[in-house]
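FYI, in numbering that gives the first Met the number 0 the residues of the sequence shown are 0 to 286.
Idealized CB from N, CA, C, for every residue including glycine.
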Amino acid sequence: MKTGKGRAGAAPSAAIDAHAVDAHAVDAPADIAKAVARAPRTTTRRNSPMRVFATVIVVPAIVGTVALPAYAFMPGGETFGASGAFSLSKAEAQDVEVSSLASGAPLSNDAYSVETKADIEAARLDQESRDKAAWAANLASRGSGSYAVYTVKAEGDDYPWWDQTPDDYGGGLSPLRYYFRECVDFVAWRLNRDAGVTSAPWRWDWGNLASGSAYAWADAWASRGWPTSSEPVVGAVAWFPYNHVAYVQSINSDGTVNIEEYNQNSDHSYHRRTIPAGDALYLYPPG
């Protein structure tokens with residue numbers, strides 16, 4: 000009896016379970032449909048011309064705004080200046096105060112010029128003109144024929160042509176081929192005399208000694224390898240940088256030098272004087 004009852008009770012339960020399964024089976028398609036409906040749809044968006052144009056304009060504007068330096072503006076458009084106190088304190092720098100006198104100091108803009116070759120030549124010609132004018136004035140102050148005219152030879156003067164007319168007054172060349180009564184002719188005569196020659200053929204003359212300008216005598220000695228010195232010796236040529244030469248006659252115990260010369264003061268005459276040793280360069284007698 001129990002067994003039969005149990006079988007009879009089991010049949011409705013099985014029917015209910017089958018109905019439940021069928022109900023779930025019916026609901027499944029509906030759930031799937033809802034899930035599909037909720038899933039995102041993939042669509043292809045087309046960029047309209049207006050969208051592209053806006054992108055081209057807006058993006059550079061944003062970038063440019065970021066790149067610009069930031070400034071703070073005060074009302075009225077003024078800007079804040081940098082804080083010098085902050086910079087000095089952070090850097091531990093030394094503050095410098097400038098006196099108010101500095102602002103009133105005059106500014107100078109000195110200019111300089113470069114002296115050209117033409118300027119140098121012009122200055123030389125100007126100086127030469129001045130020298131000639133001074134020489135002419137000196138001659139004029141003496142009057143006509145103001146050069147020394149001697150009828151008796153000065154003591155100590157052994158120059159053979161002491162009474163000849165100088166070149167300035169129409170005179171000519173001596174046998175040594177320098178102008179009569181010039182300083183160079185007198186010294187050339189003394190060098191010949193010291194070499195033992197007092198007549199032609201001469202040992203030294205214009206051709207193998209030096210030119211007619213006393214300026215060139217020091218260079219002539221150097222070019223020929225003849226000795227020169229700041230120490231005087233008897234018989235040497237005393238050379239002066241102002242276009243003059245003389246003959247060293249003797250040397251004193253105090254070091255001063257006694258010289259003999261012609262035309263020292265442009266009078267074409269014989270003179271003797273004493274000079275400090277440092278006043279001249281000494282051209283030793285050529286060998």
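Endpoints, the beta strand (DSSP E) within which residue i is located
i: V256; result: 256-261
i: T273; result: 269-274
i: F239; result: 236-239
i: A279; result: A279 -> no beta strand (DSSP E), and no H or E assigned at all.
i: Q248; result: 243-250
Beta-carbon spacing of residue i, residue j below 9 Å
i: Y281; j: A235; result: yes
i: Y178; j: D166; result: yes
i: D193; j: W160; result: no
i: W238; j: A279; result: yes
i: Y246; j: R189; result: yes
i: P174; j: W201; result: yes
i: V186; j: V233; result: no
N- and C-terminal bounds of the alpha helix (DSSP H) containing residue i
i: L190; result: 182-193
i: R223; result: 216-223
Cutoff 7 Å; reference residue i; Cβ partners in own chain excluding five residues on either side
i: H270; result: E260, Q263
i: W220; result: T227, L282
i: V196; result: R202
i: A217; result: T227, W238, L280, L282
i: A199; result: P174
Residue-level contact to chain D via CB, residue i, 9 Å cutoff
i: R180; result: No chain D is present in this structure, which holds just one protein chain.
Counterpart residues of residue i in DSSP-defined beta bridges
i: L172; result: Y178
i: T298; result: For the chain, the structure presents residues 0 to 286; residue 298 sits outside this window and is missing.
Same chain only: Cβ atoms within 6 Å of residue i, ignoring 5 sequence neighbours per side
i: N257; result: Q248, S249, T273
i: P285; result: W225
i: G155; result: none
i: N191; result: W201, R202, W203
i: A81; result: Legend: pLDDT at A81 = 49, less than 50; position of this residue unreliable, no value from coordinates given.
8 Å CB neighbourhood of residue i in its chain, flanking five on each side removed
i: E337; result: Since the first residue shown for the chain is 0 and the last is 286, residue 337 is missing from the structure and cannot be characterised.
i: L208; result: A187, L190, A219, P285
i: A153; result: W161, S268, Y269
i: P231; result: A237, V247, I250, V256, A276, A279, Y281
i: V20; result: Any reading at V20 must be qualified, since the residue scores a pLDDT of 42, below 50, and its modelled position is unreliable; no value is offered.
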